[in-house]
Ligand code: ASP
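In my numbering, the protein residues as written are 9 to 598.
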C-alpha cells in the first residue's frame with residue numbers, strides 16, 4: 009500500500025503522483041457527472057475530483073454518498089488544475105486529486121455546524137461539540153502554535169540548566185489569594201486535600217533541596233470569579249532559582265519569552281524596559297501599563313488647590329488628588345463620547361469626570377464657570393494642552409483617580425490613533441509594595457503572597473510604617489496584560505515569622521499552615537526567587553486570539569461549566585457515602 013499522504017502538503021510538484029489520503033469530508037459539490045469533495049486532515053485541505061469519464065463508477069457512486077465529516081480513504085492521482093482554476097490563496101490550490109477509489113472509514117451524523125473557520129455557531133455550541141470545533145483549521149493552528157511555544161520555552165529553560173520537576177496536585181492550601189478547590193480524603197474522613205493554586209511552596213522547598221534551577225509547565229487551580237479572561241484551571245510557566253538577583257530572573261524570562269513568541273513570528277526587543285511600581289502608577293495609573301503608546305497622566309493637585317471648583321476642593325480637602333489625562337486631538341470628541349467616558353470612569357470608581365476642550369484658542373468646559381481664570385490656565389499649562397486637545401480630569405481618592413484614568417487612557421489611545429497593533433511592548437514593573445491595606449478593616453494583606461521578600465533597607469518599617477515597605481517583587485507586562493509575577497523570596501525563618509505576624513498570622517496558625525516551610529527554612533535555605541507566567545495568556549496574545557478559550561483545548565465557560573462532558577455533575581450515592589457524605593437534600597440521582 010502506498011503511504012498515507014497529508015492532504016494539505018500537495019503542491020504542483022506532486023503532479024502525476026499516485027496518492028492515498030485519509031481524512032474528513034468537507035464540502036461536496038455534486039454536478040451529476042462530476043463530484044467535487046474537499047478532504048481535510050491536520051495538514052490542510054485538498055480538492056478531490058470524481059469524474060464519470062475518468063474514474064471507476066464505484067468511486068463516483070461512493071462519492072455521491074459522502075457527507076460532511078465522514079472519514080474517508082481516497083486513492084487517486086494528483087493533477088495540475090487548469091491555469092484559470094487555480095486558487096492562489098490556498099496552499100494546495102494548484103492541484104486536485106482525481107480519485108480512483110473512495111472507502112468510508114467512518115460515517116458522520118449531520119454536524120450541528122460546518123467545520124470551517126467562518127462559523128456562525130455560538131460559543132456554547134462550539135464548546136458542546138468541541139471535537140468538531142477543534143477540527144476547524146483556525147483551532148488546529150492555535151493548538152499547534154501552543155505546542156510550539158511550550159516546546160521552545162521548555163527547550164530554552166532546559167538549555168539554561170533548569171530541571172523540569174513535577175509537584176503534587178493533591179496537596180495543602182497555598183495562599184495565592186483565591187479560594188481553594190478541595191478534595192475529600194476517603195482514607196482520612198474529615199480531612200481534605202487542596203488542589204494547588206500554584207506550586208509556590210514546593211518550588212521554594214526544591215531550592216532548599218539543592219535543585220538550584222527548577223521549572224514546570226504547571227496546572228494551577230483557583231476557585232475565583234471567572235471574568236471573561238480567567239479559567240478555574242490554567243497553566244503556568246513556573247520557575248525558581250537559587251542565589252539569584254532580579255537580573256537573573258529577568259534574563260531567563262526574557263530569553264524564553266523571546267523564544268516562545270518567535271514561534272508566532274513576533275520579535276521581542278531586549279532587554280525589556282523597567283519601571284518601578286511607583287512610576288508606573290503615577291505615570292499611567294496602573295501597574296500593567298500598555299507601553300505601545302506613552303500618553304502619561306499628570307498630577308494636577310497643586311494646580312487645583314484654590315481653583316474655586318468645588319469637586320476639586322472637596323477631593324483635596326479629603327486627602328485625595330486631582331489627576332489629568334491629555335488626549336491629543338480629543339477636542340473633536342462628541343458629547344455622547346464624553347458621556348461614555350464618564351460612565352467608564354464611574355465603573356472604575358471615580359465619582360465624576362471633568363473635561364476641558366481647547367479649540368481654536370477657545371476653552372470650553374462644564375467646569376469653566378466655577379474655575380478661576382488663573383487655575384484654568386495653570387491646569388492647561390501643566391498638562392501640556394494644545395489646540396485641538398481634550399483634558400480629562402478626575403478628583404478623587406488616589407486609587408479611584410488612577411484606576412479610572414488608566415481605563416480612560418486605554419480607551420482613548422486607539423481613537424487617538426496611538427496604538428500600533430503590530431507592536432509588542434514588554435516591560436518589567438518592579439519594587440511593588442510588600443503589603444496592601446483593606447480600606448474597610450485596615451488589615452494588611454500581601455500584594456503578592458506572604459513569602460515575598462521585603463527590601464532589606466525597608467525591613468525596619470515593617471512594624472512602624474508597613475505601607476511603605478517595598479518588596480523585591482516584579483511583574484512582566486506586555487501591551488497592558490500582566491503576563492506573570494514573581495519575587496525574590498524570604499529565605500530566613502525569623503523574617504518569615506515577622507512577616508506572618510504583620511499579616512496577623514499567629515505563631516500557632518503559621519505553624520499549622522506553613523510549619524513545613526518554616527522548618528525547612530531552619531536547615532540552610534539558599535537565597536532564592538522566581539516567577540510564574542500564564543501560558544494560556546501568552547498563547548492567546550501570540551495567536552491574536554480574543555479569548556483564552558481559543559487556545560485551550562477543553563476550556564470552561566465563564567460560569568465554570570464544561571459543556572462537553574457536562575461537568576460539574578452529581579455523583580452516585582455510593583461514591584458520596586464512601587467519602588462520608590450524605591447526598592444533598594432533594595437530589596434523587598445522588
Ligand atoms: N506563585 C506565584 C503566582 O502563582 C508566582 C511566583 O511568585 O512565583 O502568582
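A virtual CB, placed ideally from N, CA and C, is assigned to each residue, including glycine.
- Linking residue 287 to residue 439 through their CA atoms gives a straight-line distance of about 10 Å.
- Its chain contains 366 as the residues whose beta carbon lies nearer than 6 Å to that of residue 395, once the 5 sequence neighbours on both sides are disregarded; these appear in chain order.
- Listed in chain order, the alpha helix (DSSP H) elements of length 4 or more contained wholly in the segment 323-399 are 343-355, 381-391.
- For residue 44, the uninterrupted beta strand (DSSP E) run begins and ends at 42-49, by DSSP.
- Secondary-structure assignment with DSSP links residue 55 through a beta bridge to 46.
- The C-beta distance from residue 485 to residue 300 rounds to 11 Å, too long to meet the 8 Å contact threshold.
- DSSP places residue 35 in the uninterrupted beta strand (DSSP E) bounded by 26-38.
- In its chain, beyond the 5 residues on either side, 186, 187, 188, 189, 240 have a beta carbon closer than 7 Å to the beta carbon of residue 231.
- In the three-state reduction of the DSSP assignment, residue 260 falls in the helix class, which pools H, G and I.
- The three-state reading of DSSP puts residue 531 in coil, since its state is none of H, G, I, E or B.
- The continuous alpha helix (DSSP H) containing residue 69 extends over residues 65-73.
- Distance from the CA of residue 576 to the CA of residue 569, rounded to the nearest whole angstrom, comes to 7 Å.
- Under the three-state reduction of DSSP, residue 573 is assigned to coil, being neither helix nor strand.
- Residues 225, 543 of the same chain have their beta carbon placed closer than 7 Å to that of residue 158, with the five preceding and five following residues left out of the count.
- Of all C-beta pairs linking the segment 144-153 to the segment 550-558, three or more are shorter than 8 Å, placing the two stretches in contact.
- In this structure, 48 is the residue among 48, 102, 71, 90 with its C-alpha nearest to the C-alpha of residue 142.
- Remark: three or more beta-carbon pairs, one from each stretch, lie closer than 8 Å, so the segment 297-315 and the segment 398-418 are flagged as touching.
- The closest CA to that of residue 518, considering only 504, 531, 530, is found on 504.
- For secondary structure counted as the alpha helix (DSSP H) over 4 or more consecutive residues, the segment 399-448 holds these complete runs in sequence order: 406-423.
- If you check the C-beta of residue 539 against ligand 1, you find a heavy atom less than 6 Å away.
- For residue 132, the CB contacts under 7 Å within the same chain, skipping 5 residues up- and downstream, are 571 in chain order.
- Contact between residue 313 and residue 324 holds, with the beta-carbon distance rounding to 6 Å and staying under 8 Å.
- Judged by the Cβ position, residue 184 qualifies as a neighbour of ligand 1 at the 6 Å threshold, a heavy atom of the ligand being closer than this.
- Burial check for residue 574: the Cβ neighbour count within 10 Å stays below 16, so the residue is exposed.
- Proximity of the beta carbon of residue 224 to ligand 1 is not indicated: no heavy atom of the ligand is located closer than 6 Å.
- Checking the DSSP bridge columns, you'll see residue 483 partnered with 437, 493.
- Put simply, of 369, 488, 72, 322 the residue whose alpha carbon is nearest the alpha carbon of residue 432 is 488.
- Contact between the segment 104-124 and the segment 62-76 is present: 3 or more CB-CB pairs across the two stretches fall below 8 Å.
- Taking residue 329 as reference, the option from 307, 316, 344, 341 with the minimal CA-CA separation is 307.
- Between residue 334 and residue 425, the C-beta gap is not smaller than 7 Å, which leaves the two residues out of contact.
- Residue ranges of uninterrupted alpha helix (DSSP H) with 4 or more members, entirely inside the segment 142-171 and ordered along the chain, are 145-167.
- Judged by DSSP secondary structure, residue 501 falls within the alpha helix (DSSP H) whose first and last residues are 501-510.
- Distances from the CB of residue 93 to the heavy atoms of ligand 1 are all 6 Å or more.
- Shortest gap from the CB of residue 208 to any heavy atom of ligand 1: under 6 Å.
- When secondary structure is reduced to three states using DSSP, residue 474 falls in the helix class.
- Burial state of residue 84 is buried, judged by a 10 Å Cβ sphere holding 16 or more other Cβ atoms.
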